[in-house]
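Chemist:
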Amino acid sequence: MISITFPDGARREFEPGVTGLDVASSIAKSLAKKALAMELDGVETDLSEPIGRDARLRFVTRDDTAEALTLIRHDAAHVMAEAVQELFPGTQVTIGPAIENGFYYDFYRADPATGAAMPFTVDELPVIEAKMREIIARNAPFTKSVMSRDAAKARFAALGETFKVELIDAIPGNEDIKIYNQGTWFDLCRGPHLPSTGLVGTSFKLMKVAGAYWRGDSNNPMLSRIYGTAWLNDKDLAAYLTMLEEAEKRDHRRLGREMDLFHFQEEGPGVVFWHAKGWSLFQSLTAYMRRRLAEDYSEVNAPQVLDKVLWETSGHWGWYRESMFQVQSAGDEADDKRVFALKPMNCPGHIQIFKHGLKSYRELPMRLAEFGMVHRYEASGAMHGLMRVRGFTQDDAHIFCTDAQMAEECMKINDLILSVYADFGFDEIMVKLSTRPEKRVGSDALWDRAESVMTDVLAKIAAESNGRIKTGINPGEGAFYGPKFEYTLRDAIGREWQCGTTQVDFNLPERFGAFYVDADGSKKEPVMIHRAICGSMERFLGILIENFAGHFPLWLAPVQVVVATITSDADAYAASVHKKLVKAGFRAEVDLRNEKINYKVREHSLAKIPVILVCGKREAEEGTVAVRRLGSQANTVKPFVEALAELAEEAVPPDVKRARDAD
RNA sequence: GCCGCGGUAGCUCAGCUGGUAGAGCAUCGCAUUCGUAAUGCGAGGGUCGGGGGUUCGAAUCCCUUCCGCGGCACCA
Numbered sequence: 001m002i003s004i005t006f007p008d009g010a011r012r013e014f015e016p017g018v019t020g021l022d023v024a025s026s027i028a029k030s031l032a033k034k035a036l037a038m039e040l041d042g043v044e045t046d047l048s049e050p051i052g053r054d055a056r057l058r059f060v061t062r063d064d065t066a067e068a069l070t071l072i073r074h075d076a077a078h079v080m081a082e083a084v085q086e087l088f089p090g091t092q093v094t095i096g097p098a099i100e101n102g103f104y105y106d107f108y109r110a111d112p113a114t115g116a117a118m119p120f121t122v123d124e125l126p127v128i129e130a131k132m133r134e135i136i137a138r139n140a141p142f143t144k145s146v147m148s149r150d151a152a153k154a155r156f157a158a159l160g161e162t163f164k165v166e167l168i169d170a171i172p173g174n175e176d177i178k179i180y181n182q183g184t185w186f187d188l189c190r191g192p193h194l195p196s197t198g199l200v201g202t203s204f205k206l207m208k209v210a211g212a213y214w215r216g217d218s219n220n221p222m223l224s225r226i227y228g229t230a231w232l233n234d235k236d237l238a239a240y241l242t243m244l245e246e247a248e249k250r251d252h253r254r255l256g257r258e259m260d261l262f263h264f265q266e267e268g269p270g271v272v273f274w275h276a277k278g279w280s281l282f283q284s285l286t287a288y289m290r291r292r293l294a295e296d297y298s299e300v301n302a303p304q305v306l307d308k309v310l311w312e313t314s315g316h317w318g319w320y321r322e323s324m325f326q327v328q329s330a331g332d333e334a335d336d337k338r339v340f341a342l343k344p345m346n347c348p349g350h351i352q353i354f355k356h357g358l359k360s361y362r363e364l365p366m367r368l369a370e371f372g373m374v375h376r377y378e379a380s381g382a383m384h385g386l387m388r389v390r391g392f393t394q395d396d397a398h399i400f401c402t403d404a405q406m407a408e409e410c411m412k413i414n415d416l417i418l419s420v421y422a423d424f425g426f427d428e429i430m431v432k433l434s435t436r437p438e439k440r441v442g443s444d445a446l447w448d449r450a451e452s453v454m455t456d457v458l459a460k461i462a463a464e465s466n467g468r469i470k471t472g473i474n475p476g477e478g479a480f481y482g483p484k485f486e487y488t489l490r491d492a493i494g495r496e497w498q499c500g501t502t503q504v505d506f507n508l509p510e511r512f513g514a515f516y517v518d519a520d521g522s523k524k525e526p527v528m529i530h531r532a533i534c535g536s537m538e539r540f541l542g543i544l545i546e547n548f549a550g551h552f553p554l555w556l557a558p559v560q561v562v563v564a565t566i567t568s569d570a571d572a573y574a575a576s577v578h579k580k581l582v583k584a585g586f587r588a589e590v591d592l593r594n595e596k597i598n599y600k601v602r603e604h605s606l607a608k609i610p611v612i613l614v615c616g617k618r619e620a621e622e623g624t625v626a627v628r629r630l631g632s633q634a635n636t637v638k639p640f641v642e643a644l645a646e647l648a649e650e651a652v653p654p655d656v657k658r659a660r661d662a663d
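Per full-length UniProt numbering, residue 1 is the first one in the first sequence, and the count goes up by one each step.
Okay, here's the thing in structure tokens:
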């Protein structure tokens with residue numbers, strides 16, 4: 001007999017070889033019906049798996065939402081693959097995992113006549129989805145069989161499934177080759193699966209098709225990927241689809257147009273035309289960042305166009321030459337034969353500033369900041385609104401310090417980054433350490449040193465935040481010249497954005513021959529720390545637009561107040577109210593048009609103006625205003641001086657408020 | 001860059017299998033002075049992304065190019 005221990009501590013004896021389903025049935029019929037899979041000694045397994053030893057067992061049911069969804073989505077991927085092969089014989093299957101909110105499967109379909117790749121189109125999705133529903137209705141059981149490597153390869157090779165054969169070759173030698181059948185269809189898979197296809201349910205939808213490289217490598221052929229979403233019930237599916245619609249409504253590209261913030265056009269692919277209101281946001285953000293840097297940093301400005309020798313020295317020419325904008329004049333002077341590049345980053349410029357004149361150890365750490373405009377020729381398919389552009393402004397800084405100061409500087413940067421994010425309401429932050437990549441510059445000794453310091457700092461960040469900040473490691477994701485911390489924040493609708501970064505760099509100072517004079521009079525190489533908080537100001541603004549859905553807090557709103565009249569009797573009064581607002585430092589407009597107040601309220605509400613001050617005859621006589629706030633139908637009439645004081649207080653940026661309250 | 005899809009008035013979109021452009025909103029003009037999410041009437045506005053081809057005839061079909069969208073790859 002074997003002994004099974006349940007999560008509540010209860011223990012029961014069973015015959016060896018009993019399956020999970022048998023165990024569930026022995027407990028309750030309802031449990032056998034509800035169970036989707038089981039966890040045996042912490043490993044998720046099929047319910048049909050025979051149990052041969054003493055074990056801890058936990059059943060996974062639909063109530064275990066996250067686990068149940070992963071199972072359902074994974075199985076939905078298999079069902080989709082069966083549907084595709086039934087509809088389009090000869091299509092090769094590859095991999096099909098569960099992902100956040102759904103699943104995908106990558107296929108390779110070739111035109112039978114020409115042999116050319118024939119990717120799926122969206123028009124085919126309804127047909128595939130209908131076939132999936134048929135397969136689910138058949139409710140065939142998933143059954144697992146283990147077979148030898150050679151037998152499995154032969155089986156898939158016979159079907160012409162060359163990608164699957166490659167996958168089998170990639171499975172480590174000590175692992176079983178598992179095949180899952182659903183009816184007559186089968187697939188190579190590590191499992192586990194639901195008891196049968198019917199349990200996938202009907203709350204799914206195929207969403208889109210996309211190209212995806214085989215094994216994620218752009219040198220490999222491109223497969224055709226179909227994405228789907230799947231949920232436990234129709235209500236969750238509907239909620240997810242609604243959420244997508246909501247996300248679309250706050251898309252910064254859409255709001256940028258609707259709110260007249262910026263635009264793009266053909267002649268400037270990937271570069272932003274900032275309109276007055278968008279530029280106001282940009283300026284507010286920059287002014288905020290400058291205040292935050294005032295205490296510890298010196299702001300500098302390095303040239304936009306520099307001889308390529310600087311980029312050769314830094315190593316960027318070798319690494320990123322293809323993505324740099326080269327600049328040359330059309331003249332024939334000797335100078336015009338030189339090759340210049342638009343700066344893709346600020347570090348070489350800052351090193352020149354550091355190198356200009358002798359630097360003493362007493363001057364370290366030297367923190368040079370720049371709101372530097374950089375240009376990178378991004379791949380055409382990479383561009384995405386403000387989020388990925390070819391010309392952007394980094395809130396960049398380079399800290400030159402001694403080896404001994406490095407850890408403390410990293411912590412200082414960490415505190416600043418977290419404090420900045422908090423000012424915009426971002427409290428859920430993740431910090432990951434990216435370690436040395438395969439292709440890199442510098443000796444292993446330097447990398448060892450940098451990584452060891454950063455590992456310690458990461459532990460300290462985690463410890464000091466009391467677990468509020470999540471930390472992790474991204475192996476091999478570091479920059480070519482050094483390891484880095486990457487700061488990821490979560491926005492109002494749960495999406496994650498990687499923004500800040502801290503990079504410890506022993507390499508560039510060496511390559512550029514930067515040094516300082518130490519206490520003993522010797523030349524020493526400084527450590528250079530690259531850091532950005534917003535990352536790209538353009539992108540950070542895109543994130544803010546989406547996070548606030550255009551409803552900016554008063555201190556950021558491009559137009560903070562609109563004074564709107566009801567009749568022309570109030571024109572003079574409204575104009576004086578407007579004038580006082582502007583004098584008090586508000587970004588305010590006045591609307592004296594001969595339109596009904598309903599019309600004006602609607603228009604300014606749609607423009608997401610935070611405050612409308614309505615002035616009619618009554619207000620003009622009494623020196624009051626009717627305050628209407630965005631997002632509320634209510635309006636409160638109060639003396640203008642009172643409203644002005646209240647709004648002035650609200651419009652104080654969070655950092656200024658904090659500094660003031662600290663006094 | 002790669003795969004798929006798209007580009008018609010400032011915006012959102014219609015225009016079926018080729019017969020030489022249409023709506024709503026916005027804009028402009030006139031009337032209306034109306035107390036918290038659309039006042040009425042009228043007018044103007046497009047070489048249908050660019051180039052080439054097929055055709056008696058192309059927004060519609062074909063080729064090519066640019067730009068965008070969704071992914072993939074990339075992200076110093």
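We put the beta carbon where it would ideally sit given N, CA and C, even for glycine.
Only a predicted model underlies this, so the values are computations on that prediction, with no experimental measurement involved.
Can you check which of these residues, 267, 345 and 274, is closest to residue 305 by C-alpha distance?
Modeler: Distances from the CA of residue 305 to each of 267, 345 and 274 were compared; the closest alpha carbon is that of 345.
Chemist: Residue ranges of each beta strand (DSSP E) run of no fewer than 3 residues wholly in the segment 509-548, ordered along the chain?
Modeler: 527-536
Chemist: Please list the segments of the beta strand (DSSP E) lying wholly inside the segment 244-331, counting only runs of 3 or more residues, in order along the chain.
Modeler: Listed in chain order, the beta strand (DSSP E) runs fully inside the segment 244-331 are 305-307, counting runs of at least 3 residues.
Chemist: So, do the segment 397-405 and the segment 417-427 have three or more beta carbon pairs nearer to each other than 8 Å?
Modeler: No contact exists between the segment 397-405 and the segment 417-427.
Chemist: Mind checking whether residue 152 and residue 168 have CB atoms under 8 Å apart?
Modeler: yes
Chemist: By the three-class DSSP mapping on this structure, what secondary structure does residue 148 have?
Modeler: coil
Chemist: In the DSSP assignment, the beta strand (DSSP E) including residue 612 goes from what residue to what residue?
Modeler: For residue 612, the enclosing beta strand (DSSP E) has its first and last residue at 611-615.
Chemist: Provide the residue span of the alpha helix (DSSP H) that contains residue 410, from first to last.
Modeler: 406-423 is the extent of the alpha helix (DSSP H) around residue 410.
Chemist: From the DSSP output, read off the bridge partner residues of residue 228.
Modeler: 103 and 206
Chemist: Tell me which same chain residues have a C-beta within less than 6 Å of the C-beta of residue 621, skipping the five on either side of it?
Modeler: none
Chemist: In three-state terms, what does DSSP make of residue 25?
Modeler: Shown here, residue 25 sits in a helix according to DSSP, grouped into three states.
Chemist: Tell me which same chain residues have a C-beta within less than 7 Å of the C-beta of residue 76, skipping the five on either side of it?
Modeler: 103, 200, 204, 228 and 230
Chemist: Looking at the secondary structure, which residues open and close the alpha helix (DSSP H) in which residue 447 lies?
Modeler: 444-464
Chemist: What residue from 495, 32 and 479 has the CA that sits closest to residue 316's CA?
Modeler: 479
Chemist: Can you tell me whether DSSP reads residue 555 as helix, strand or coil?
Modeler: coil
Chemist: Could you check if residue 664 is buried or exposed, using at least 16 other CB atoms within 10 Å of its CB as the buried criterion?
Modeler: The requested residue 664 is not part of the displayed model; the chain covers only 1 to 663.
Chemist: Buried or exposed: where does residue 393 fall if 16 or more other Cβ atoms within 10 Å of its Cβ makes it buried?
Modeler: buried
Chemist: Please work out which residues of its chain come closer than 8 Å, Cβ to Cβ, to residue 561, disregarding the five sequence neighbours upstream and downstream, and give them in chain order.
Modeler: Within the same chain, residue 561 has close Cβ partners 581, 586, 587, 588, 589, 609, 610, 611, 612, 613 and 647.
Chemist: Excluding five sequence neighbours on each side, which residues of the same chain lie with their C-beta closer than 6 Å to the C-beta of residue 692?
Modeler: Because the chain is modelled from 1 through 663, residue 692 falls outside the range shown and cannot be assessed.
Chemist: Of the residues 303, 340 and 297, which one's Cα is nearest the Cα of residue 312?
Modeler: 340
Chemist: Going by the beta-carbon positions, is the gap between residue 261 and residue 281 smaller than 8 Å?
Modeler: yes
Chemist: Grab me the residues of residue 511's own chain with a C-beta within less than 6 Å of its C-beta, minus the 5 sequence neighbours each way, in chain order.
Modeler: Closer than 6 Å at Cβ, skipping near neighbours: 313.
Chemist: Pull the bridge partners of residue 497 from the DSSP assignment, please.
Modeler: DSSP output for residue 497 lists 489 as bridge partner(s).
Chemist: Along the chain, where does the beta strand (DSSP E) that runs through residue 395 open and close?
Modeler: 391-401
Chemist: In chain order, which continuous runs of the beta strand (DSSP E) of length 3 or greater are located wholly inside the segment 592-640?
Modeler: Considered as a whole, the segment 592-640 harbours 611-615, 624-629 and 635-639 as its complete beta strand (DSSP E) runs of no fewer than 3 residues, in chain order.
Chemist: Starting from residue 36 and walking both ways along the alpha helix (DSSP H), at which residues does that stretch end?
Modeler: Per DSSP, residue 36 is not a residue of any alpha helix (DSSP H); the beta strand (DSSP E) it occupies stretches across 35-40.
Chemist: I'd like to check one pair, residue 640 with residue 623: are the Cβ atoms closer than 8 Å?
Modeler: yes
Chemist: Flag this pair as yes or no: are the beta carbons of residue 195 and residue 141 separated by less than 8 Å?
Modeler: yes
Chemist: From the DSSP output, which residues share a beta bridge with residue 505?
Modeler: 528
Chemist: Starting from residue 57, trace the beta strand (DSSP E) both ways and give me its first and last residue.
Modeler: 55-61
Chemist: Is it buried or exposed for residue 434, if we count other Cβ within 10 angstroms and need 16 for buried?
Modeler: buried
Chemist: With the cut-off set at 8 Å, would you say residue 488 and residue 496 are in Cβ contact?
Modeler: yes
Chemist: Please list, in chain order, all residues of the same chain as residue 131 whose beta carbon is under 7 Å from its beta carbon, the five residues on each side excluded.
Modeler: 83, 86 and 87
Chemist: If you follow the beta strand (DSSP E) that residue 372 is in, where does it begin and where does it stop?
Modeler: That run of the beta strand (DSSP E) goes 366-375.
Chemist: Between the C-alpha atoms of residue 530 and residue 467, what's the straight-line distance to the nearest angstrom?
Modeler: Taking the straight line from one Cα to the other gives about 26 Å.
Chemist: Check whether the Cβ atoms of residue 542 and residue 275 lie closer than 8 Å to each other.
Modeler: no
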